[in-house]
Structure formats: structure tokens, C-alpha cells
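Colleague: Chains as they are written, first to last, in the numbering used here: chain A, 26 to 406; chain B, 26 to 406.
Note that CB positions come from ideal geometry on N, CA and C, so glycine has one too.
Please read these numbers as outputs of a predicted model, since none were measured by experiment.
(1) Taking residue 239 of chain B as the query, report the chain A residues whose CB atoms sit under 8 Å from its CB, ordered along the chain.
(2) Just mark residue 273 of chain A as buried or exposed, buried being the case when its beta carbon has 16 or more other beta carbons within 10 Å.
(3) Tell me where the alpha helix (DSSP H) around residue 226 of chain B begins and ends.
(4) Anything in the region 377-404 of chain B with a Cβ closer than 9 Å to a Cβ of chain A? List those residues in chain order, please.
(5) With DSSP as the reference, label residue 84 of chain A as helix, strand or coil.
(6) Cβ of residue 114 of chain B within 7 Å of Cβ of residue 98 of chain B?
(7) Hey, how far is the Cα of residue 123 of chain B from the Cα of residue 64 of chain B?
(8) Does the separation of the CB atoms of residue 96 of chain A and residue 51 of chain A fall below 7 Å?
(9) From the DSSP output, which residues share a beta bridge with residue 357 of chain A?
(10) Spatial neighbours of residue 141 of chain B within its chain, please: CB distance less than 6 Å, with the 5 preceding and 5 following residues excluded, ordered by chain position.
(11) So residue 102 of chain B is in the beta strand (DSSP E); what residue range does that whole segment cover?
(12) Consult DSSP for residue 198 of chain B and reduce its assignment to one of helix, strand or coil.
(13) At which residue ranges does the region 291-357 of chain B contain complete alpha helix (DSSP H) runs of 4 or more residues, listed in the order of the chain?
(14) With DSSP run on the structure shown, which of helix, strand or coil describes residue 125 of chain B?
(15) Could you name the residues of the region 330-350 of chain B whose beta carbon sits closer than 7 Å to any beta carbon of chain A, in the order they occur along the chain?
(16) For residue 72 of chain A, I'd like the list of residues in its chain whose CB is within less than 6 Å of its CB, leaving aside the five on either flank, ordered along the chain.
(17) Following the continuous alpha helix (DSSP H) through residue 153 of chain A, name the residue where it begins and the one where it ends.
(18) In three-state DSSP terms, what is residue 374 of chain A?
(19) Would you kindly check if the distance between the Cβ of residue 224 of chain A and the Cβ of residue 285 of chain A is under 7 Å?
(20) Within 7 Å (strictly less), CB to CB, does residue 98 of chain B reach chain D?
(21) Measure the alpha-carbon distance for residue 398 of chain B versus residue 383 of chain B and round it to whole angstroms.
(22) Given this structure, state the Cα-to-Cα distance separating residue 127 of chain B from residue 302 of chain A, to the nearest angstrom.
(23) Are residue 271 of chain A and residue 187 of chain A close, meaning C-beta to C-beta below 7 Å?
(24) Can you pull the chain B residues whose beta carbon is under 7 Å from the beta carbon of residue 323 of chain A, in chain order?
(25) Where does residue 334 of chain B land, buried or exposed, given buried means 16+ other C-beta within 10 angstroms?
(26) In or out: residue 171 of chain B buried (at least 16 other Cβ within 10 Å) or exposed?
(27) Check the Cβ-Cβ distances between residue 68 of chain B and every residue of chain A, and say whether any is below 7 Å.
(28) Using a Cβ-Cβ cut-off of less than 7 Å, list which residues of the region 293-321 of chain B approach chain A; keep chain order.
(29) Based on Cα-Cα distance, which residue from B:319, B:244, B:184 and B:307 lies nearest to residue 253 of chain B?
(30) Which one of B:166, B:329, B:101 and B:256 has the shortest CA to CA distance from residue 132 of chain B?
(31) Could you please give the first and the last residue of the uninterrupted beta strand (DSSP E) stretch that includes residue 54 of chain B?
(32) Which chain B residues are close to residue 104 of chain A, counting only those with a beta carbon under 8 Å from its beta carbon?
(33) Can you check whether the C-beta of residue 74 of chain A is within less than 7 Å of a C-beta belonging to chain B?
(34) Check whether the Cβ atoms of residue 155 of chain A and residue 55 of chain A lie closer than 7 Å to each other.
(35) Sort B:276, B:295, B:247 and B:355 by Cα distance to residue 228 of chain B and report the nearest one.
(36) Counting along the chain, where does the beta strand (DSSP E) carrying residue 18 of chain A start and finish?
Printed below as a string of C-alpha cells:
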């Protein structure tokens, strides 16, 4: 059975010419009726114009989201907001709805003026191609992504379907990413927003590729309300699962990354501290370089943990890399050569047992490769 | 005139065999008489045994500092402290002083047991070679450093001479580094410690190579007291100049770095905020990759600033890269191609004008190169 959006949701993806290679670069998601929705957005002080616009819509119903790739429309001044307004007006005109029912998202290079006319010109095609298949929209939001990212879950008789993009500028505080999630679960904004907050905190906030926060991060959750009543706890769990799956797909597709590494922190005093530990290890350029070389240089893990907790108790600490203990009872332990062999896998877990509690969280990262640098060393001029 | 230590200070550097290639790896600095000193040390929770030992000596006089490279003696458990005690005992025995008058520092790989016997065996040579020339000691502390780092200043009739090492794992909170600074200015520990605190905060705390904090950072300032009285303000300024010069030498020699980049933050509300801005830009892997490619991708600078200030006022902001304006009045400005050409220099300044005040600080960084990754991707197993 082909993957489809929940009932009442349709999307399209078209090529407007923003991307010079002719790839899909404009996505449109439409709800049949004005719909309840929730959103989380970058906290960055240089947030892009589309973020400012979409955030301002929270609390009122939504009919459509229009998204472009190939241009972030960030740090573009008054022209940036003009481009948003022009785009929104064009969509509202096509769909015969209010401009305030149209959200916007953009992703791509910062600081380049967005040619809003190209989006408007592509809208007839986009509207004409609206369907219940999410694939074209998922493709239209890709930048340096090499694979489309889609995830789905069912809860009761309802479904949750999300598409996302994100391959670098990925840091906690949602990472540089866009995600568009739709459901038919009949929940209002007052139920959707806390569900999304919790899901984002437990997923997109727990991945780190380069610890660089972005100007355009946006996660949308929109409901057509067409499905049967669902249990809210079950919905929340399913939503978190979709977000986690999308987050994991982002890390797997990270720029220059060759392996997915799960940083598991166990035994911290509370979840907040555990996440801080995990992020610090996941953000260490030195440890991520070691991951690239399959080098079990665990001292870099301890240094990253010690930068979070100034009073780290090494005697309580145990480190396992890819299933091999390398540090225990305050001292080196086990076999580095065995760990090194296991680190050549495409995917493995680094378990940091930092204390005696049963608190456990996982933060995802990837290795830091020469390719990451090369990919990010040019292109603006 | 050859560079010499202040009167009353001598040093040596010898090869003990800790480094397998036979390079100098043990340094010894000796003061004629028990001397006043100050120290600043890593705040990392996984601080190495030598750090714990030396920090415990603060407040009592010092006769000698023994340092080894090629092994950090960090995260080595009880054996690590045993190695420190054995080393200190051997030095005290040679110099006929108290063990509590001997400080220790180590730098190199974490988690490898330190062969203290090799240091003890090399001590007769080291003591025999003590002289007023700092070069051999400066060489003996090098790890991935490619150049020795020495700086000197005079104040009144006194001198300040420092040697240092540091090439990666360089982050604020002193960066991964060792520095040994000596003076003959007749100041007691109560004067030396605040002077050193201020100097470190304005120098080693303002460099960032990979934002990785280390387990072994130590800065020592020791006075033979043999010089004439000096003006304390003048002394403080000269000490800060020496520390800044050593910090700059570290960034110039950073692993894999090909250019020195000064991140100048002007106009912030206060110095603390300015330093936070500077560190964030200096730590951005994406911006540092762009620096490597001489790519004026200034959006990454704004994103880094915006991660510090959630309410950044872009209309107040101006960015200049290597003397070329690229962003002003909330909008892209100037010529990217001119900036790109200027970025090919070995050294340039990125000026971020974030507001109207005259607060100005500089944070030093370097580009992120594929070589950095390659250099740090192997070696433990």
C-alpha cells in the first residue's frame, strides 16, 4: 500500500527555478478546511522572515503551508518580509483563503534575496498536482539531503505522517531542519502544541551534527480533524516516534557523515543533565574526528562530560564503545583494539554510565569527516 | 642578545623516552629559592592527576615545576596519582626540597599510564642541563605543535618570560594548553594570582580552535623576586601582553589551520556578552569550514551571533570580513567576491558590530580544515 497523507491533507512538490539545476524546490501542503495546528521554531536571534511570519500565525487556523528550498530568505531585511508577503498572497489567492491562513518555510543559503515571483509562477502547477502522496513535497524540501525523509505512525484509527529535511547546521534547539507533520486525529491547537513540544524536545532536540544552530528551523503539526477520537497519550507517543524517526533519518543523511553514533547517557541525576552530557559528547569535534577514524579515543568523551559536570566522579563512570568497555572504576579498561574494530560499523552506541540512577537518554550524532569540511568550505561567492 | 629567563630562574628540556621518536619530552623549571607563584587550571570535571596535585599547592612556595609531553596522565585512576607522587619525589630528592614545593604538568594522549620511571631516570640529565635559556623547555612541552612558543616583556627593571604549548583541544576556559611564565618582579602570591586571573581571562580564554575543553590546562606564573619593585598596573599589562602573544602563537600553530582569524565584536552591551558573541562565532564549525574555503558565508556568522542573543537586532548589525562590508542595516551589502579574495590572506579580521557601545573584544580562531579531521581521526589503538 502506498504511503499517503492522513485524510483531508494533500501536497505537491514542483520546480520553480530557484534551484538552478531544475530540481523540485517548492512544496505546498493544503488542508481541506481551516485546521488546528501547532509549530515550534528556531530560537535564533537571526530568525528568518518566514519563521517570523509563521510564528505569528500560531493560535489561528491554517489552510496551507508553502515551502521553498534553495534559499533560506534569512537576513534579507525588508526584502525578505516582502517576499514572504508576496508568496502568502499568491497562495491565498489560489486557494481562496485568508493570507493569515498560509504559513511559510524556507531552507537554503542565508542572505540571498528570495525570488518570490518564481514561487508565485509555480503555484498553478503545484495546486494542479496536489495529491495524497507526500513524496514530491518531501523531495521539494531537500537541500544537501541525499535522501527523502518520510515517517508514519498510526494511533487508533488515525494516522500521523511527516516529511522532513536536514543534513547540516544541525544542533540541539531543533537542529537546522524543516518538518511538516500531518494527522487526522481530531485534536485542537491546545492539545497539539504541548504534544509537539514534548515530541520535539525528545527527538529533534537530541541530535547534533555540527552544533550549529540555524535561522530557519521549523516544525509544523497540522490536523485535518477527520479521523476518529484518539487517546491523547497514545497520540503523543506516536507523534514522538515519528519525530524521532525523522531525526534519526537526518543524522543518517548528515553531510559528510559515514556512521550513525548513538550517545547513550545512563545514570545521570535527571533527564536535563543527561541530555546536556549527551549533547556535549555529540558536539565534540575531537571525538567526532575520532569516530571518523574508528579510533576509541575515549579521553575525548570524558573531557566532553567533564566540561558539563565540573565535579565528575570518575570512579562512578563506565564507558562502553560499540559494546566494548574502555573505562571503568576510574581507570582504562578492556581492549582498545577490539573497540576499534567494532567502531568500523555503520552504526553503534557509545554508552556513558555516569552514575547510579536509571535515567537514560540517547543523543544522535555522526562522525566528522574531511568531506564535511569540503562540503561546507565554499559556495557563497 | 639571546632570550633568557628572569634572574633566579633556570630550565632544561630532555628526552626521557616517553615520546617514542626520541624527541624532548621532559621539562624542568627551577627557582633558586622557594618562590611565590600563581596558577590557573582547567575547570574540567575529568581534570588530570597532575592538575589536582599542582592546584593543591596553591598558596605555598614553589621550587620547581616538572612537565612531560607525550602523555597527559589523565583519567588514569590511582595509578595516575601514583605517577605524580613518584615524579615529585624524584625531583624533590634531586633538588633537596620538599615534595610540596614541586608542581607537575602533563600533556599528550588521555588515558595512558604515565611511565614515571622514565621521568625519574631523565632527571639527572635535566638538572645537569639547567640554564637560563628557555628554548629546550619550550621544545620539551610540544605535542602536535610545530613551533616552539616563547614570549617576553619587560616592565621597569624586571622581565616576564613565558613558554607555552597548545595546538588543539583549544577552547575557552583556557584552551588545551600549558604555559609556564616566570618573572623576577618581587610580587607575592596575593598580587600574582589576581594578575594571572585577569591576564588569562583576556588571552587564553579568548581563543578557540575546536571548542573542546581539556583535562590538563595549566598556566603557572612564578616569581624569583630578584628584580626591583615594579608598578603593579604596569606588571599586569605586561603579563597580559605575554599571555596574549602566547595565545596568538597557539592559534597560528593550530592543528590543520591555515589562517589566523580575528573575530572582533564591537558595540555589545558589556564585555561578557561581547566575549560570548566572539566565542560563538569562533566555535562555529560551519563558519570555520567557510573560512577554510575563503567563502564569505556571513549567514553563518549571524546564526552564531543569534544563538547567543535571542533578540538580536539585525538592523543595528554590520559585518565586515577582511575589511569588506558584507551586511549592514539588516541587509546584505557590499561585494562578496571582493571579500572572498581578501579571505585568502593568511590572517584577517571579521568585525561584527552588534550595537552602538564602544565595548570591543577580540577572539582568535582558525579555519577548520580536512587536515584537522585527519590529524585527529586516529592514534589511540
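Modeller: The short version:
(1) The sequence position of residue 239 of chain B within the second chain is 214, counting from 1. What residue 239 of chain B touches in chain A: 328.
(2) Translated into positions along the first chain, residue 273 of chain A becomes position 248. The residue is buried, with at least 16 neighbouring Cβ atoms inside 10 Å.
(3) One-based indexing of the second chain puts residue 226 of chain B at position 201. Looking at the DSSP string, the run of the alpha helix (DSSP H) that includes residue 226 of chain B is 214-226.
(4) 392, 393, 394, 395, 396, 397, 398, 399, 400, 401, 402, 403 and 404
(5) Taking the first chain and counting its residues from 1, one reaches residue 84 of chain A at position 59. Reduced to three states, the DSSP call for residue 84 of chain A is coil.
(6) On the second chain, position 89 is the one that residue 114 of chain B refers to. On the second chain, position 73 is the one that residue 98 of chain B refers to. No, the Cβ-Cβ distance between residue 114 of chain B and residue 98 of chain B is not below 7 Å.
(7) Numbered from 1 along the second chain, position 98 holds the residue referred to as residue 123 of chain B. Numbered from 1 along the second chain, position 39 holds the residue referred to as residue 64 of chain B. Each residue's Cα considered, the two are about 19 Å apart.
(8) Position 71 of the first chain, counted from the start, is the residue given in the question as residue 96 of chain A. Position 26 of the first chain, counted from the start, is the residue given in the question as residue 51 of chain A. The Cβ atoms of residue 96 of chain A and residue 51 of chain A do not sit closer than 7 Å to each other.
(9) Here residue 357 of chain A refers to the residue found at position 332 of the first chain. Paired residue(s): A:352.
(10) To locate residue 141 of chain B, count along the second chain from 1; it is residue 116. Excluding residues within five positions, the ones whose Cβ falls inside 6 Å are 108, 111 and 112.
(11) Position 77 of the second chain holds residue 102 of chain B. Run containing residue 102 of chain B: none in the beta strand (DSSP E); it sits in the alpha helix (DSSP H), 102-120.
(12) Position 173 of the second chain holds residue 198 of chain B. Confidence is the limiting factor: at residue 198 of chain B the pLDDT is only 43, short of 50, which leaves the residue's position unreliable, though a coordinate-based value still follows. In the structure shown, residue 198 of chain B sits in coil (DSSP, three-state: anything other than H, G, I, E or B).
(13) Taken in chain order, the complete alpha helix (DSSP H) segments of 4 or more residues contained in the region 291-357 of chain B are 296-308, 310-317 and 324-331.
(14) Sequence index remark: in the second chain, residue 125 of chain B carries index 100 (1-based). Three-state DSSP puts residue 125 of chain B in a helix.
(15) 330, 331, 332, 334, 335, 336, 337 and 339
(16) The sequence position of residue 72 of chain A within the first chain is 47, counting from 1. The answer, listed in chain order, is 240.
(17) Along the first chain, read from residue 1 onward, the residue named residue 153 of chain A stands at position 128. Note, residue 153 of chain A: alpha helix (DSSP H), 141-153.
(18) Taking the first residue of the first chain as position 1, residue 374 of chain A is located at position 349. Residue state, collapsed to three classes: strand.
(19) For the purposes of this step, residue 285 of chain A is taken as the residue at position 260 of the first chain. For the purposes of this step, residue 224 of chain A is taken as the residue at position 199 of the first chain. Against a cut-off of 7 Å, the Cβ pair of residue 224 of chain A and residue 285 of chain A comes out as no contact.
(20) Although the question refers to chain D, the structure presented lacks it and instead comprises the protein chains A and B.
(21) Within the second chain, residue 398 of chain B is the residue found at index 373, counting from 1. Within the second chain, residue 383 of chain B is the residue found at index 358, counting from 1. Straight-line Cα distance between these residues: approximately 38 Å.
(22) Translated into positions along the second chain, residue 127 of chain B becomes position 102. Translated into positions along the first chain, residue 302 of chain A becomes position 277. One C-alpha to the other measures close to 35 Å.
(23) Position 246 of the first chain, counted from the first residue, corresponds to residue 271 of chain A. Position 162 of the first chain, counted from the first residue, corresponds to residue 187 of chain A. Cβ atoms of residue 271 of chain A and residue 187 of chain A: closer than 7 Å.
(24) For this step, residue 323 of chain A is matched to residue 298 along the first chain. Those are 136, listed as they occur along chain B.
(25) Locating residue 334 of chain B in the second chain gives position 309, counting from the first residue. By the 10 Å Cβ count, residue 334 of chain B comes out buried.
(26) As a first step, residue 171 of chain B must be located in the second chain, where it is residue number 146. So residue 171 of chain B ends up on the exposed side.
(27) Within the second chain, residue 68 of chain B is the residue found at index 43, counting from 1. Yes, because at least one Cβ of chain A sits closer than 7 Å to the Cβ of residue 68 of chain B.
(28) 309, 310, 311, 314, 315, 317, 318, 320 and 321
(29) Sequence index remark: in the second chain, residue 253 of chain B carries index 228 (1-based). Checked all of B:319, B:244, B:184 and B:307; the closest Cα to residue 253 of chain B is B:184.
(30) Walking along the second chain from the start, residue 132 of chain B turns up at place 107. With distances taken between Cα atoms, residue 132 of chain B lies closest to B:166.
(31) For this step, residue 54 of chain B is matched to residue 29 along the second chain. Its beta strand (DSSP E) spans residues 51-66.
(32) Taking the first chain and counting its residues from 1, the one referred to as residue 104 of chain A is at position 79. In chain order: 356.
(33) Locating residue 74 of chain A in the first chain gives position 49, where the first residue counts as 1. With its beta carbon at least 7 Å from every one in chain B, residue 74 of chain A lies outside the interface.
(34) The residue you call residue 155 of chain A lines up with position 130 of the first chain. The residue you call residue 55 of chain A lines up with position 30 of the first chain. Cβ distance < 7 Å, so residue 155 of chain A and residue 55 of chain A count as in contact.
(35) Here residue 228 of chain B refers to the residue found at position 203 of the second chain. Nearest C-alpha to residue 228 of chain B: B:276.
(36) The requested residue 18 of chain A is not part of the displayed model; chain A covers only 26 to 406.
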